[in-house]
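Undergrad:
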Amino acid sequence: MYRAAEIVIILLSLAAGSVAQMARKPSPSHEPAGFVASSRTDKNSLPKIATQGDFDSLARVYHQGTPYALPHVMFAIDRRNGNKIYFINSNRYRFHKDFLLAMYMIPRGTDVFGPVYQDQNRRFIVGTIAWQKTVDKFTWELWEGDLATPEMIRQANDVINKGFFSKVFFKPNSIRQEDETANLALDRVTQDDINRNQAYLALNTGTAVGRIHIIDKLDDTVEIGDNEILILKELPLNMPQVRGVIVAQPSSPLSHINILAKGWNIPNVYIKDADKLFREFDTRVFKLDAHDDSYSFEPASLDEIKEKFSSPNEAVPPANLSATAVMPLRQMRAKDSIIYGSKAANLGELLYKRVPGIIIPDGFGIPYAAYAKFMKDNGFDKVIDDLMDDNAFVHNPRVRRQKLDEFRKSMQGGKVDPALQA
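In this text, residue positions in the sequence shown follow our numbering: the first is -2, and each later residue adds one.
1) Name the residue from ASN262, VAL266 and HIS69 whose alpha carbon lies nearest to the alpha carbon of LEU232.
2) Here's the rule: buried if 16 or more other CB atoms are within 10 angstroms of the residue's CB, otherwise exposed. What is ALA374?
3) In chain order, what residues of the same chain lie with their CB nearer than 6 Å to the CB of PRO237, ignoring the 5 residues before and after it?
4) Tell me the rounded alpha-carbon separation between LYS130 and ALA66.
5) Can you confirm whether ARG185, when its beta carbon is compared against all beta carbons of chain C, has any partner nearer than 7 Å?
6) Pairs of beta-carbons, one from the segment 70 to 86 and one from the segment 156 to 171, closer than 8 Å: are there three or more?
7) Buried or exposed for SER26, going by 16 or more other Cβ atoms inside 10 Å?
8) Who pairs with HIS210 in a beta bridge, going by DSSP?
9) Mapping the DSSP letters down to three states, classify PRO296 as helix, strand or coil.
10) Suppose the cutoff is 8 Å on Cβ atoms and the five residues either side in sequence are ignored; what does the same chain contact list for ARG276 look like?
11) Give the DSSP bridge partners of ARG151, in chain order.
12) Measuring CA to CA, which of ASP176, ILE74, HIS93 and VAL132 is closest to GLN152?
13) Which one or two residues does DSSP pair with THR204 in a beta bridge?
14) Would you call the CB atoms of ARG76 and ARG120 closer than 7 Å?
15) Express the C-alpha separation of THR125 and ILE209 in angstroms, rounding to a whole number.
16) Does DSSP classify LYS45 as helix, strand or coil?
17) What number of angstroms, rounded off, separates the C-alpha of SER293 from the C-alpha of PRO250?
18) Using the C-alpha atoms, what's the distance from VAL165 back to LEU181?
19) For VAL242, which three-state DSSP category applies?
20) Of the residues PHE390, LYS45 and ARG37, which one's Cα is nearest the Cα of THR218?
21) Whole angstroms is fine: what's the gap from GLN409's alpha carbon to ALA199's?
22) Which of the three DSSP states is assigned to VAL156 in this structure?
23) Given ALA320, which residues of its chain have a CB within under 7 Å of its CB, disregarding the five upstream and five downstream residues?
24) Within this structure, are the beta carbons of ASN433 and ALA258 separated by less than 7 Å?
25) By a C-beta neighbour count over all protein chains shown, 10 Å radius and 16 as the cutoff for buried, is TYR59 buried or exposed?
26) Just the C-alpha distance for GLU295 and ILE228, rounded to the nearest angstrom, thanks.
27) How about GLY345 and LEU318: are their beta carbons less than 7 Å apart?
28) Can you round the beta-carbon distance between GLN174 and PRO247 to whole angstroms, since I take them to be within the 8 Å contact cut?
29) List the whole-angstrom C-beta distance separating LYS273 from ALA196, where the pair is believed to meet the contact cut-off of C-beta under 8 Å.
30) For ILE356, count neighbouring C-beta atoms within 10 Å of its own C-beta (all shown protein chains included) and say buried if the count is 16 or more, exposed if not.
31) Return the first residue and the last residue of the alpha helix (DSSP H) that ILE336 is part of.
32) Would you mind reading off the limits of the alpha helix (DSSP H) that contains ASP374?
33) Which stretch, first to last residue, makes up the alpha helix (DSSP H) that contains GLN399?
34) Do you know offhand how far PHE377's Cα is from LYS284's?
35) Tell me which residues share the same chain as ALA47 and place their Cβ nearer than 6 Å to its Cβ, disregarding the 5 neighbours each side in the sequence.
36) Just to confirm, are ASP361 and VAL323 a CB contact at a threshold of 7 Å?
The structure is reproduced here in structure tokens:
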């Protein structure tokens, strides 16, 4: 029955999932290791950066005091308000959406991915301006998955340079962005220019023990384990949490994947031709120790494998399937979470405590037993057993998504116990 509960949780989470921002992204209130705030300002944004001091007052800095220090400032351009630009206080706001929400420029509870990164008639163009020490230039860039048109990029380039005290060069972050701007009269700086002759760059330092998984092309058939150190030939737009990341091609420290790595506190490094250097060690368990200016990558010891390699066992919360009554919230207490779930039980506890200022609408809770009976009466528990024994379902994400979608539709057509409906 626990297996059934686990699959139900997976189905619900897939149905409610968000495409744009991953659940374990770094929080605005928890800065990653290597972060140093520059001179602070009380302002949310500036309409213009007229001096180096203005830039420094807004800039967030990674790896301060090292050759790889990267001060950077986010920006947002409002295309529906005369291309007004906001140079964002990047010490105060972690992500562009945090600023846009705080300024009431986008409504809460709506999708921000399409309107900000994909739509051709979008209101905003958002990106980041950084000082690239190795080439002594300011650059501006978009997220690598941004589908901005050549006209949007040209427009953004004009607006940024009109409001900035020094020339700012466009830095394409994807092959698409390189192609889209190839025929524009833009001064560009590429990641290759920045990392020229550089064989190693620590995007995020740290130590990890994991199984090497070399991925030549990441698509929806590739299974990724949470105890793996990935070696990537190309940078994906998104990925699940892993132990560490090594990229074989130059990558921006401001990439989406690096932001995730900082939030997860895992090592993320660029090692030139890593896919070739470590090909013979694919699937072996190694220890990656990444520093600002050097790294070690060697077979993990037996003790390290015992202590640091295994993933934590997934804990299945206890459930009481003997209680079958539908219960009003006002009769529930926190201890009833094993019968009705923690949300309903906690609401019942709040009603009982009569907490001032908190209004709980009248409601009821359906016991876990009713869900278990629904699964059994419709034969869904046997379907789950079959799925868990299906090798393609277990190991191929594309097949798993397809079969879960089919299973979800079957569940929606399932018959509910008439006694419960009554």
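For every residue, glycine included, the Cβ atom is placed at its ideal position computed from N, Cα and C. Note that the structure is predicted; figures quoted are calculated from it, not measured.
TA: In terms of the structure at hand:
1) VAL266
2) At residue 374 the sequence reads Asp, which differs from the Ala that was named. The residue is exposed, with fewer than 16 neighbouring Cβ atoms inside 10 Å.
3) ILE221
4) 8 Å
5) Included in the structure is just one protein chain, with no chain C present.
6) yes
7) In this predicted model, SER26 has a pLDDT of only 32, less than 50, meaning its place in the structure is not dependable; the value taken from the coordinates is given anyway. Counting Cβ neighbours within 10 Å, SER26 comes out exposed, since fewer than 16 surround it.
8) LEU227
9) strand
10) ILE211
11) Note: ARG151 sits in no beta bridge, so no partner.
12) ILE74
13) ASP286
14) yes
15) 32 Å
16) coil
17) 20 Å
18) 15 Å
19) strand
20) PHE390
21) 48 Å
22) helix
23) ILE336, PRO364 and ALA366
24) Absent from the model: residue 433. The displayed extent of the chain is -2 to 419, so no value can be given.
25) buried
26) 14 Å
27) no
28) Rounded, the Cβ-Cβ distance is 14 Å, inconsistent with contact.
29) Wrong, their Cβ atoms sit about 12 Å apart, outside the cutoff.
30) exposed
31) 334 to 337
32) 365 to 374
33) 394 to 409
34) 42 Å
35) PHE162
36) The identity of residue 361 in the sequence shown is Phe, whereas the question assumes Asp. Yes. Within cutoff.
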